[in-house]
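The structure appears right after this line, and notes come after that.
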Amino acid sequence: MRKGEFCLRHKAGAFIFDMDGVIIDSEPIHSRVKMDTFHHFDLSFNEEDLVQYMGRTSGAIFGEVLAKRQRTDIQPEDLVQYKHDHYLEVLRSGTIEPVPGTVELIHSLQSEGIPLALATSSWPVVMHTVLDQFGIRDCFQSVLSGGDLPASKPDPAIYRISAERLGVAPAQCMVLEDTENGIMAAKNAGMYCIAFHNPHSGEQDLSLADRIVEHIHEIDATKL
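If you use my numbering, the sequence shown corresponds to residues 9 to 232, in order.
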């Protein structure tokens, strides 16, 4: 089978979605919320410099900025908590749209009778907020947050557990991911992985994926 082709020898036993960067274009929202947090605490910061902190935790970013600004009146934890609360506030505002084509794909897969699971590294409260805001909770037979597990992606546990919950062998599962760690988790779980090249997800090595798509609309549920 050539790179980029689907295995059509059998119908997909299940389809598992990542969330951040796949269902919700979260990175631009995180950037916006970080800038709002800096403004709230009267900290000067150039938005263009956020790219230098890609992949690092909010605590590390805020701690470094506070040290550079010699601000000892507040702690990194104060900014992290404000950012977390504000992020949920933005998600619940009703102004955030899903990644184009993803909700349509979810409904198409459901119509084809393919069991669906959500496996995200986001915290449970964020996961549930996204599911409710986009009205897709009932589409999934399993939803699992990495916040409930001892190790996060690239550890394959989140995908293996999702397959077990669906009662489907890992080899019969397809995964939609947008990051190198997510792809590694899916492949280490023994699953077929489709990588979505989201330009907002930073520099990601997607080469381990079985197929790479530039748009979610490229995935045809009737051919899985």
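From the three backbone atoms N, C-alpha and C, an ideal C-beta is built for every residue, glycine too. Note that the coordinates shown come from a computational prediction; the quantities given were computed from them, not determined experimentally.
When secondary structure is reduced to three states using DSSP, Ala194 falls in the helix class. By the beta-carbon neighbour count (other beta carbons within 10 angstroms, threshold 16), Lys91 is buried. If one requires a minimum length of 4 residues, the alpha helix (DSSP H) runs lying completely within the segment 33-98 are 34-48, 66-77, in chain order. Residue burial is scored here from C-beta neighbours: Asp50 has fewer than 16 other C-beta atoms within 10 angstroms and is therefore classed as exposed. In terms of CA proximity to Gly143, Gly102 leads the group Gln83, Gly102, Leu58.
Fewer than three pairs of CB atoms, one per stretch, sit closer than 8 Å, so the segment 130-140 makes no contact with the segment 162-173.
Bridge partners of Leu126 according to DSSP: Phe25, Val151.
In the three-state scheme derived from DSSP, where H, G and I count as helix and E and B as strand, Pro207 is classed as coil. Taken through DSSP and simplified to helix, strand or coil, Glu185 comes out as strand. Ser170 is a Cβ neighbour of Ile24, given a cutoff of 9 Å. Taking one beta carbon from each stretch, the segment 99-118 and the segment 69-77 have fewer than 3 pairs nearer than 8 Å; the two do not touch. In the three-state reduction of the DSSP assignment, Arg219 falls in the strand class, which pools E and B. By a beta-carbon distance limit of 8 Å, Leu174 contacts Ser150. Their separation comes to about 6 Å.
Under a 10 Å Cβ-count criterion, Val59 is classified as exposed, with fewer than 16 other Cβ atoms of the shown protein chains found around its own Cβ. DSSP places Pro132 in the helix class (H, G or I) of the three-state scheme. At a Cβ-Cβ threshold of 9 Å, Ser160 and Thr187 do not count as neighbours. Restricting attention to Gly190, Asn189, Ala194, Phe204, the CA atom closest to the CA of Ala177 is found in Ala194. Straight across, the Cα-Cα distance linking Gly109 with Ile122 is about 17 Å. Sorting Thr80, Glu105, Ala68, Ala20 by C-alpha distance to the C-alpha of Val88 places Ala68 at the top. Boundaries of the alpha helix (DSSP H) harbouring Arg168: 165-174, taken from the DSSP string. Close CB contacts of Gln180 within its chain, under the 6 Å cut and outside five residues either way in sequence, are with Gly21 (chain order).
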